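Novice:
Residue numbers (the numbering used here): 20 to 599.
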């Protein structure tokens, strides 16, 4: 390998670094102001019920706001879980708080079982919990009574409560959950009805109650490394998706009106869609006891200023797939009549080369329709990209070959003018001009290929359809995850934390070493320590970087290296033929 190749690698690193710097400069995530909750705005409610105005009443007859809320005693309520199932999800309700303790996505698997979107660990917590007060209040755990509904797709619970000290003035809390076939949306309703003609006595520093989703969303993961799996917090203000900046063990408040807010993983998301109420939103990544990580979303409702109210919320709990998310932009495409939500904004996009990534995804899907194996589709797409970039790579190889031919003369000039860098550079410039050689001719074509490299990385690292896609049965059974040929069981390799032996990273190193060997120019001092470091050090370094990367990405990279080896071999044979 000659210094020209070393320059190509350095230039490539600079290209990538500058690219990401430009992206972060032009499209920085916007921070969210961290401000405490303010006094609630006047109530507005989705699907409002007829409301009564608060009559005048003696102060002694009114409950004191902020006092503890107690359940009206009722020992006849069953604690048996309630199960609902449709085409796409199976939901288990716990009557204690009328919350969800399990939500499985039946069309998607995780370790052979349906994806579980409610990760409770040992916390004993659930999703869509009700809290009297703000996000710091404990969830309601009293048993709710199952209420009969004529609709099979509606689950309804009810319980009476009162403000401590005023048991003769109870109010009813009704929680309703509506589902529809083939829909990943849950419509949840909270109804509050006072037994007296007064304002419902829920006023905790300007807020009434909170609905939360957490304590962590699925599916299962080894760790949230930000690459193979992550939890991001977003909201959409009607014009663009915005990131919620979170520190470690953080809690962040958002008071502005938003179209939706979300907890987002790599392939699945929970998106909260408010009704007409102006909620206070709280995002939390604090780790609860019993879990390794936390990801929770709170919607806090302002004080209710009537004797009855009905608030509607909707939650999308499902895959980050364009064809599913876009259904909620047109009311005729979904059973809830939702429109213009732009849930597709939840998908991960790269501003710099996202357009190229989308083109490559589209091409791979077309190939998959003809050859229904995503592993084969990756190989074919790799070949097509190599063919398309062949003019650039050929130009790079030709320029490298010319430099190799000139290398003896270059070494003569360096030896002759080793004490005078100015004369040495001048002599080299004259040599390049005389021979018609551009010293950067081998680097620039390589740099122009890096947009494809970055886009291909995005496709194979994030494309949803690769999740659970089998390439070689018994070995590569999920192209979105690392493969394994041997599991060490309870043993974990010290420092590295690995407990699986993977074959693809080994094959990658072999293909990379072979490619480097063919590119090496013996006349360029290939035995020097620098060249050996480039030839052997970089593949070994990438071995550790790529060890736990998705199989699809490694399949692409291995076949790309093998095609590069073929191109280099062809170029070398052609050069020898021309020289003869």
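Note that CB positions come from ideal geometry on N, CA and C, so glycine has one too. Model, not experiment: these values are computed from the prediction.
Does the stretch 439 to 446 come within contact of the stretch 337 to 354, defined as at least 3 CB pairs closer than 8 Å?
Specialist: No, because fewer than three Cβ pairs between the stretch 439 to 446 and the stretch 337 to 354 fall closer than 8 Å, the two stretches do not touch.
Novice: Given a cut-off of 8 Å on the beta-carbon distance, is the pair residue 154 and residue 319 in contact?
Specialist: For residue 154 and residue 319, yes; Cβs fall inside 8 Å.
Novice: Check the DSSP bridge columns for residue 607 and list the partner residues they point to.
Specialist: The shown model of the chain, from 20 to 599, leaves out residue 607, and the question about it has no answer.
Novice: Using CA atoms only, rank isn't needed, just tell me which of 303, 302, 360 and 214 is closest to residue 328.
Specialist: Nearest C-alpha to residue 328: 214.
Novice: Buried or exposed: where does residue 233 fall if 16 or more other Cβ atoms within 10 Å of its Cβ makes it buried?
Specialist: It is buried - the Cβ of residue 233 has at least 16 other Cβ atoms within 10 Å.
Novice: With which residues is residue 436 paired in a DSSP beta bridge?
Specialist: According to DSSP, residue 436 bridges with nothing at all.
Novice: With DSSP collapsed to three states, give me the class of residue 265.
Specialist: DSSP places residue 265 in coil when its eight states are reduced to three.
Novice: Taking its Cβ as the centre, do 16 or more other Cβ atoms sit within 10 Å of residue 505, making it buried, or is it exposed?
Specialist: Looking at its Cβ environment, which holds fewer than 16 other Cβ atoms inside 10 Å, residue 505 is exposed.
Novice: With a CB to CB cut of under 8 Å and the five nearest residues on each side skipped, what residues in its chain are close to residue 584?
Specialist: Only 530, 533, 534 and 537 meet the Cβ criterion.
Novice: The alpha helix (DSSP H) with residue 344 in it runs from where to where?
Specialist: From DSSP, the alpha helix (DSSP H) with residue 344 extends over 341 to 344.
Novice: When you compare each of 159, 311 and 274 to residue 296 by their alpha carbons, which one comes out closest?
Specialist: It is 274 whose Cα lies nearest to the Cα of residue 296.
Novice: Please work out which residues of its chain come closer than 6 Å, Cβ to Cβ, to residue 202, disregarding the five sequence neighbours upstream and downstream, and give them in chain order.
Specialist: The residues are 354.
Novice: Are there 16 or more other CB atoms within 10 angstroms of the CB of residue 323, so buried, or fewer, so exposed?
Specialist: Classification for residue 323: buried.
Novice: Specify whether the stretch 378 to 398 and the stretch 510 to 522 touch according to this definition: at least 3 beta carbon pairs, one from each stretch, less than 8 Å apart.
Specialist: No, because fewer than three Cβ pairs between the stretch 378 to 398 and the stretch 510 to 522 fall closer than 8 Å, the two stretches do not touch.
Novice: Please work out which residues of its chain come closer than 6 Å, Cβ to Cβ, to residue 292, disregarding the five sequence neighbours upstream and downstream, and give them in chain order.
Specialist: Answer for residue 292: 279 and 333, listed in chain order.
Novice: Give me, in chain order, the residues of the same chain whose beta-carbon lies closer than 6 Å to that of residue 344; leave out the 5 immediate sequence neighbours on both sides.
Specialist: Around residue 344: 362 and 363.
Novice: From the DSSP output, read off the bridge partner residues of residue 158.
Specialist: Residue 158 is bridged to 150.
Novice: Contact defined as beta carbons within less than 8 Å: I believe residue 305 pairs with residue 248. What is the distance between those atoms, to the nearest angstrom?
Specialist: With 8 Å as the limit, residue 305 and residue 248 do not qualify as a contact, their Cβ atoms being about 18 Å apart.
Novice: Throw me the rounded Cβ distance for the residue 479 and residue 569 pair, which I believe falls under 8 Å.
Specialist: Sure, about 6 Å apart at Cβ, within 8 Å.
Novice: In whole angstroms, what separates the C-alpha of residue 595 from that of residue 587?
Specialist: Their backbone Cα atoms lie some 12 Å apart in a straight line.
Novice: Pick out whichever of 107, 372 and 422 has its Cα sitting closest to the Cα of residue 134.
Specialist: With distances taken between Cα atoms, residue 134 lies closest to 107.
Novice: Thinking just about the alpha-carbon of each residue, which of 298, 371, 400 and 325 is nearest to the one in residue 380?
Specialist: Ranking the options by Cα distance to residue 380, first place goes to 400.
Novice: Could you give the C-beta distance for residue 114 and residue 102, rounded to a whole number, given that I count them as a contact under 8 Å?
Specialist: About 12 Å separates the two Cβ atoms, so there is no contact after all.
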